[in-house]
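A.B. asks: Numbering (the working numbering), first residue to last: 1137 to 1350. Backbone N, C-alpha and C define an ideal beta-carbon position, used for all residues, glycine too. This structure is a prediction, so every number in the text was calculated from the model and none was measured. This is the structure I want to talk about, given as structure tokens.
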Ligand code: AP5
Ligand code: MG
Ligand code: ZN
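The following block contains the structure:
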């Protein structure tokens, strides 16, 4: 099964993608997580990406597309994946379509996790992230068992550099300008599934499993 997660920054794409990956036994591919791992390891790609990410801007398409195309070549992605944070622009979606056409495959579901902007800022300020394994927590809604420590791998949790309120506002603007048009793009392909992302974590997940229908 090939799934795309759509939604504003902080809508819960990563949270739900992890649960989908576990349930359907497909890899979770998050471009944001890949960029953050590169920043942590101080790679060339990480240095380039950080300059854009810290300002709430998108990393240029050419860097992002080649990264995802390389990831698709890993054997675990052969039978499907859940994409989180990609595609994020129309050119990225078109490159994905071209790659899928080459393999004779297609996207099965594009799940839009809908959360209004007003609810996003509160979610972001409470978020804590593990850069080592990509797990996400929220001080109030999804707290780790031990404060500041990842439940899954024991690494320290961070407040992301791009979760400051002024950067979140910039990311929301970039989302509305460049990413929101993808909702219509996938609606036209007949694969768009809408879920109400303002509900609790488990409630959102049951809406998703219901629309995936498997
Ligand atoms: P990325 O890491 O993808 O960030 P994003 O899209 O802005 O989304 P977030 O990860 O912030 O939010 P999310 O929807 O995953 O929400 P989460 O589950 O964490 O990208 C970061 C940057 O990298 C971009 O700005 C860009 O610069 C660059 N980049 C990445 N991909 C790119 C691409 N394709 N092209 C170009 N540039 C790219 O949830 C948020 C919080 O809310 C958490 O604390 C969570 O615990 C909590 N929460 C989740 N669901 C609920 C719920 N139902 N109720 C209560 N709390 C909830
Ligand atoms: Mg995320
Ligand atoms: Zn971890």
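Hey, would you say the C-beta of residue 1298 is under 7 Å away from at least one heavy atom of ligand 2?
C.D. replies: Start at 1 with the first residue of the chain shown, and residue 1298 comes out as number 162. No, the Cβ of residue 1298 stays beyond 7 Å of every heavy atom of ligand 2.
A.B. asks: Under three-state DSSP, which class holds residue 1260?
C.D. replies: Position 124 of the chain shown, counted from the start, is the residue given in the question as residue 1260. Helix, per DSSP.
A.B. asks: Taking 7 Å as the cut-off, is the C-beta of residue 1149 nearer than that to any heavy atom in ligand 2?
C.D. replies: As a first step, residue 1149 must be located in the chain shown, where it is residue number 13. Yes, the beta carbon of residue 1149 sits closer than 7 Å to at least one heavy atom of ligand 2.
A.B. asks: Per DSSP, what kind of secondary structure is residue 1327 in: helix, strand or coil?
C.D. replies: Locating residue 1327 in the chain shown gives position 191, where the first residue counts as 1. It is coil, neither helix nor strand.
A.B. asks: Thinking C-beta only, is residue 1206 closer than 8 Å to residue 1327?
C.D. replies: Here residue 1327 refers to the residue found at position 191 when the chain shown is read from its first residue. Here residue 1206 refers to the residue found at position 70 when the chain shown is read from its first residue. Against a cut-off of 8 Å, the Cβ pair of residue 1206 and residue 1327 comes out as no contact.
A.B. asks: Which complete beta strand (DSSP E) runs does the segment 1232 to 1295 hold, if anything under 3 residues is left out?
C.D. replies: Here the runs fully enclosed are 1245 to 1250, 1263 to 1265 and 1272 to 1274.
A.B. asks: Could you please give me the residues that DSSP links to residue 1138 through a beta bridge?
C.D. replies: Here residue 1138 is taken as the residue at index 2 of the chain shown, counted from 1. In the DSSP output, where bridge partners are listed per residue, residue 1138 has 1217.
A.B. asks: With a cut-off of 8 Å, do at least 3 Cβ pairs link the segment 1146 to 1165 to the segment 1230 to 1245?
C.D. replies: The segment 1146 to 1165 vs the segment 1230 to 1245: no contact.
A.B. asks: Can you tell me where the beta strand (DSSP E) holding residue 1162 begins and where it ends?
C.D. replies: Here residue 1162 refers to the residue found at position 26 when the chain shown is read from its first residue. Per DSSP, residue 1162 belongs to no beta strand (DSSP E) and is neither H nor E.
A.B. asks: Does the separation of the CB atoms of residue 1146 and residue 1294 fall below 8 Å?
C.D. replies: Residue 1146 sits at position 10 when you count from the first residue of the chain shown. Residue 1294 sits at position 158 when you count from the first residue of the chain shown. Not closer than 8 Å, so no.
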